[in-house]
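In the working numbering, the protein residues as written are 2 to 157.
Ideal placement from N, C-alpha and C gives every residue a C-beta, glycine not left out.
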């Protein structure tokens with residue numbers, strides 16, 4: 002069994018080690034603006050995460066668009082393609098108009114309406130793939146919406 006004074010000795014050792022370490026650190030390192038660096042690094046990581054999410058969702062769109070077209074043709078449902086694309090286009094335009102009316106500032110907290118549109122239609126696409134697999138029109142609606150959002154993103 003362990004001695005009951007071991008935790009006390011351990012805490013005393015840690016306190017002494019902390020004091021020695023603080024004495025060994027140069028003053029310039031102690032006065033370094035760590036909070037400013039933390040804020041800067043956090044902001045950069047958020048921007049990097051946003052960009053990686055955007056490009057991974059675009060890759061999902063590009064690869065699945067061709068897959069959806071081939072699947073619809075193989076199932077003899079070619080007419081669902083233009084109707085779904087048009088419906089997605091209309092929904093994306095509607096969401097874009099609403100976002101313009103609701104916010105005068107086009108960028109709120111680094112989330113642009115185009116980025117939110119990409120996330121929304123990617124979510125619709127993922128839900129359509131895994132839950133509504135037989136509903137091909139929903140896949141094409143998501144494709145049309147993503148296409149319109151990407152077209153609007155081109156103008157920025």
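Under the DSSP assignment, residue 8 falls in the alpha helix (DSSP H) whose first and last residues are 7-25. Going by C-alpha positions, residue 85 is about 11 Å away from residue 79. In the structure shown, residue 132 adopts coil according to DSSP, grouped into three states.
Its chain contains 85, 88 and 89 as the residues whose beta carbon lies nearer than 6 Å to that of residue 142, once the 5 sequence neighbours on both sides are disregarded; these appear in chain order. Segment contact: the segment 30-42 against the segment 114-124, fewer than three CB-CB distances shorter than 8 Å; contact not assigned. In terms of CA proximity to residue 76, 138 leads the group 138, 123 and 92. 126 is the residue among 9, 126, 43 and 152 whose C-alpha sits nearest the C-alpha of residue 68.
For residue 32, no alpha helix (DSSP H) run applies, since DSSP gives it neither H nor E. Here DSSP, grouped into helix, strand and coil, assigns residue 78 to coil. In this structure, residue 63 keeps its C-beta atom at 8 Å or more from the C-beta atom of residue 150. A straight-line Cα-Cα distance of about 16 Å links residue 7 and residue 18.
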